[in-house]
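Taking the working numbering, I'd label the letters of the first sequence as residues 196 to 298. Just so it is clear, CB atoms sit at the ideal spot from N, CA and C, and this is done for glycine as well. Okay, so here's the structure we're looking at.
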Amino acid sequence: MNFFSQVYELVRQIPEGKVTTYGEIAAALGTRDARRVGHALHANPDGDLTPCHRVVTKDGKLSESYAFGGSFEQYAKLKSEGVTFLDRTHVDLSRHLYHYPTE
DNA sequence: AGCGTGACGAACT
DNA sequence: TAGTTCGCCACGC
């Protein structure tokens, strides 16, 4: 089990209508290196297997370099799942942030 | 092999 | 409050 796989596992645990942040994932794996989390998602082409559109930055901002058609795809997918937005590129984290259980 | 960069973000100054 | 440094490492050059 490598870091990438763990990232994918956590992302798959995000329920519909929820989002999480790079920092949450990194912290859940015991590190502060959010860059690897982002890199893992971008390196993963399995858009159906791993809902990377549910992962945003700490500010709730959608990633600017999203691989599947830009942040608009994230916006469309998330909105269809019931996620609300502060503006076209910012998720309402106060309503939809998924916090990983601490163990 | 080293160096710079990067879907990031917290801590520090 | 804003700017800088540090964490940590895959990847391209």
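What distance in whole Å lies between the Cβ atoms of residue j and residue i, which are believed to be in contact at a cut-off of 8 Å?
{"i": "Ile220", "j": "Leu205", "result": "5 Å"}
{"i": "Cys247", "j": "Leu257", "result": "Actually they do not touch by this definition, with Cβ atoms about 11 Å apart."}
{"i": "Gly255", "j": "His285", "result": "5 Å"}
In its own chain, which residues sit with a C-beta less than 7 Å from the C-beta of residue i, not counting the 5 before and 5 after it?
{"i": "Arg227", "result": "Ala221"}
Could you have a look at residue i and say whether DSSP puts it in helix, strand or coil?
{"i": "Leu292", "result": "strand"}
{"i": "Phe280", "result": "strand"}
{"i": "Leu209", "result": "A small fix is needed here, since residue 209 is Ile in this sequence, not Leu. Here Ile209 sits in coil by DSSP."}
DSSP has residue i in a bridge; who is on the other side?
{"i": "Lys256", "result": "His285"}
{"i": "Thr215", "result": "Val250"}
Using only alpha-carbon positions, find the residue among the options that is nearest to residue i.
{"i": "Ser275", "options": "Phe263, Arg249 and Lys253", "result": "Arg249"}
{"i": "Arg283", "options": "Arg230, Leu273 and Arg290", "result": "Leu273"}
{"i": "Asn155", "options": "Asp287, Leu288, Val202 and Val278", "result": "Because the chain here runs from 196 to 298, residue 155 falls outside it and cannot be looked at."}
Excluding the five sequence neighbours on either side, which residues of its own chain have a C-beta within less than 6 Å of the C-beta of residue i, listed in chain order?
{"i": "Phe199", "result": "Ala235"}
{"i": "Leu281", "result": "Asp287"}
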